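Working notes, beginning with the structure itself.
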Amino acid sequence: MRGWLFTKTHEPLKLVEKPDPVAVPGEVVIDVKASGLCHSDVAALEDPGWMNLITAAPLYMGHECAGVITEIGEGVNGFKVGDRVGVCPIAQSTGEAIGYQRDGGYATKCLVPAECLVPLPDNVTFEQGAAATDAGMTAYHAMFRVGGAKKGMKVGIIGIGGLGQFGARMAVIRGCEVYGVDVNPHARE
């Protein structure tokens with residue numbers, strides 16, 4: 023497989039070749055069809071303070087990805103070869119994150135714990151699925167799990183960047199009255 027290798031802060035990613043991953047028990051291999059560039063990836067490239075999170079460097083970065091399952095490990099249930107999936111970045115059972123503690127989605131293939139898979143409906147693009155798994159889940163958690171937003175509530179969104187856009191749209195869909203603020207005039211539009 024080919025992918026963009028992260029070695030350390032202030033070093034550009036390098037396009038390199040590694041052996042294709044092989045499915046192991048409880049995990050699947052996906053052909054990556056889309057991978058998002060997260061703000062935390064950019065931060066890791068520029069700020070050495072992020073290096074304590076990236077414990078497996080050198081590795082392929084990319085914790086926002088989606089693709090098609092090509093191989094299934096023993097004990098994986100509910101998924102089959104050919105399924106379209108998004109990938110939640112962090113395995114709840116281990117706390118391990120793709121793109122930080124193991125190779126991620128800035129590659130043609132990715133080995134993923136089955137617990138991190140989210141079925142991707144045919145009407146959702148791979149790009150949408152890749153963004154929804156991190157930015158979408160982060161905004162959803164903040165808005166509804168922690169914030170407790172409910173239909174009919176007035177909700178304020180501070181910052182209408184990627185996460186703010188997700189949060190604002192989700193709140194509108196849920197029937198909230200949404201107010202957004204941002205210092206960037208283009209975001210306010």
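Take the sequence shown: its letters are residues 23 to 211, numbered as in the working numbering. All C-beta atoms, glycine included, are put in the ideal place defined by N, C-alpha and C. Keep in mind the model is a prediction, meaning the values are calculated, not measured.
Mind checking if T77 is an interface residue toward chain C, Cβ cutoff 8 Å exclusive?
Although the question refers to chain C, the structure presented lacks it and comprises just one protein chain.
CB of G48 within 8 Å of CB of E86, strictly
no
Span of the beta strand (DSSP E) holding V46?
It is not in any beta strand (DSSP E) - V46 carries neither H nor E in the DSSP assignment.
Please specify which runs of the alpha helix (DSSP H), each continuous and at least 4 residues long, are wholly inside the stretch 23-84, giving them in chain order.
61-68
What would DSSP say about G226, mapped onto helix, strand or coil?
There is simply no residue 226 to check, as the chain begins at 23 and stops at 211 in what is shown.
Which of helix, strand or coil does DSSP assign to R191?
helix
Entirely within the stretch 122-163 and at least 3 residues each: give me those beta strand (DSSP E) ranges in chain order.
131-135, 139-141
Reduced DSSP secondary structure (H/G/I, E/B, other) of R196
coil
Exposed unless 16 or more other CB atoms sit within 10 angstroms - verdict on I195:
exposed
Can we say the stretch 25-32 touches the stretch 69-83, given the rule of at least three CB pairs closer than 8 Å?
yes
Please classify G183: does DSSP put it in a helix, a strand, or coil?
coil
Top-ranked residue by Cα proximity to L67, from E39, V38, Y122
Y122
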